[in-house]
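Take a look at the structure set out below.
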Amino acid sequence: MLSERRLEVLRAIVQDYVGTEEPVGSKALTERHRLGVSPATVRNDMAVLEEEGYIAQPHTSAGRIPTDKGYRLFVDRLAGVKPLSSPERRAIQNFLDGAVDLDDVVGRTVRLLAQLTRQVAVVQYPSLTRSTVRHVELLSLAPARLMLVLITDTGRVEQRLIDCPSPFGEASLADLRARLNSRVVGRRFTDVPPLVQDLPESFEADDRGTVSTVLSTLLETLVEEAEERLMIGGTANLTRFGHDFPLTIRPVLEALEEQVVLLKLLGEANESGMAVRIGHENAYEGLNSTSVVSVGYGSGGETVAKLGVVGPTRMDYPGTMGAVRAVARYVGQILAES
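Quick note: the sequence shown uses the numbering used here, first residue 188, plus one each step.
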């Protein structure tokens, strides 16, 4: 176990290196931080930290930089989540409150996260498998043609055209709409099929074929969006950190193009807490020089998707974690109110 003083030295090294981008020496540490000990003692502490693998000497200069292990200890024990200022919180709320639909919410969230953290932002669309039905609308387009509109509790809207086996009157349409909504509104998608399976039998024989067709389309809509969707933004921010990536940022860019990789990274955020994956903790080799900060978001205490940022391991962890958490909270509020 490291002593409290050596933990303070490590914290100071991380803060200085993140802020200055320069390897940190003992003289600079004693000048910038009130460590209460001499440069010689700090040098001794740094030697212990290096021996334990928390810091490393990148070249023959006197300075040291944190390793993945050092950043890990910093995040786990030394870094509080930095709260956002009142102006920052108001800016988030004002920016997200202007969203008109789910696509706009996700798009604004990506842009906002990228701007706040100056990293690459990744936002997962709410999962349909965790959604509930808010409303089912049925519109008549022609005597034998309908449009089905499915609206979820997360603001997602799915539309489908239906060609009916025979003409379907307005009275029958209104009846089907009312009965359908009375059974499925507020229900999880997975619960819907058994709730509607006997619905055709309650209609006149001439209408049962159309009712069955509508139900088939509805059930297909509930399951066919199984593929998870992501939105990514701020990739250009990586170019500001070129020297933080060994040789080239190409492996990072290639990894960011792999949706499966990003979904797996976001998936590591547990249901309620925040996940921080640092350097080689990322299983995907192309992201070994990056850190990923992710958290779940949702409404009513239930997580419906994840969001987060990807950036170099030399990251302002307290600020990034604070921004990611705050944005997730606001997105959840918007979904709850929408």
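We put the beta carbon where it would ideally sit given N, CA and C, even for glycine.
Note that the structure is a prediction, hence the values are computed from the model and not measured.
Within its own chain, the residues whose Cβ lies closer than 8 Å to the Cβ of Leu360, once the five positions on either side in sequence are excluded, are Leu325, Ser327, Leu333, listed in chain order. In the three-state reduction of the DSSP assignment, Leu325 falls in the strand class. Looking at the DSSP output, Glu489 shares a beta bridge with Ser486. As far as DSSP is concerned, Met502 takes part in no beta bridge. Judged by DSSP in its simplified three-state form, Ala286 adopts coil rather than helix or strand. Contact between Ala462 and Ser481 is confirmed by a C-beta separation of about 5 Å, below the 8 Å threshold.
In the three-state scheme derived from DSSP, where H, G and I count as helix and E and B as strand, Asp385 is classed as coil. Measuring C-alpha to C-alpha distances from Asn368 to each of Gly509, Val205, Leu382 identifies Leu382 as the nearest. For Arg464, the enclosing beta strand (DSSP E) stretches over residues 461-465. When the beta-carbon positions are compared, Glu472 and Leu450 stay at least 9 Å from each other. Relative to the Cα of Asp350, the nearest Cα in the group Thr404, Pro387, Thr341 belongs to Thr404. For Leu348, the uninterrupted beta strand (DSSP E) run begins and ends at 344-350, by DSSP. When secondary structure is reduced to three states using DSSP, Ser476 falls in the coil class, being assigned neither helix nor strand. Residue state for Ser403 is assigned as helix, using DSSP reduced to three classes.
If you draw a 10 Å sphere on the C-beta of Ser476, you find 16 or more other C-beta atoms in it, and that means buried. Within the region 218-301, not a single complete beta strand (DSSP E) segment reaches 3 residues in length. Considering only Gly420, Leu265, Thr254, Gly212, the residue with the shortest C-alpha distance to Leu194 is Leu265. Residue Arg501 holds the alpha-carbon nearest to the alpha-carbon of Arg427 among Arg501, Val310, Val401, Val491. Leaving aside the five residues that flank Ala331 on each side, the residues in its chain whose CB is nearer than 6 Å to its CB run, in chain order, Cys351, Pro354. Rounded to the nearest whole angstrom, the CA to CA distance from Ala510 to Arg366 is 44 Å.
For Ile338, the enclosing beta strand (DSSP E) has its first and last residue at 332-339. Assignment of beta-bridge partners to Gly356 by DSSP yields no partner. Thr377 counts as exposed, since fewer than 16 other beta carbons sit within 10 angstroms of its beta carbon. The C-beta distance from Val309 to Val497 rounds to 7 Å, short enough to meet the 8 Å contact threshold. Under the 8 Å Cβ criterion, the region 387-394 does not count as touching the region 338-347, having fewer than three qualifying pairs. Secondary structure of Ile419 (DSSP, three-state): strand. Shown here, Gly495 sits in a strand according to DSSP, grouped into three states. It is roughly 44 Å from the alpha-carbon of Gln306 to the alpha-carbon of Leu402. The residue among Gly454, Asp290, Ile252 with its C-alpha nearest the C-alpha of Val205 is Ile252. Shortest Cα-Cα distance from Gly396 to any of Arg375, Lys493, Leu363 involves Leu363.
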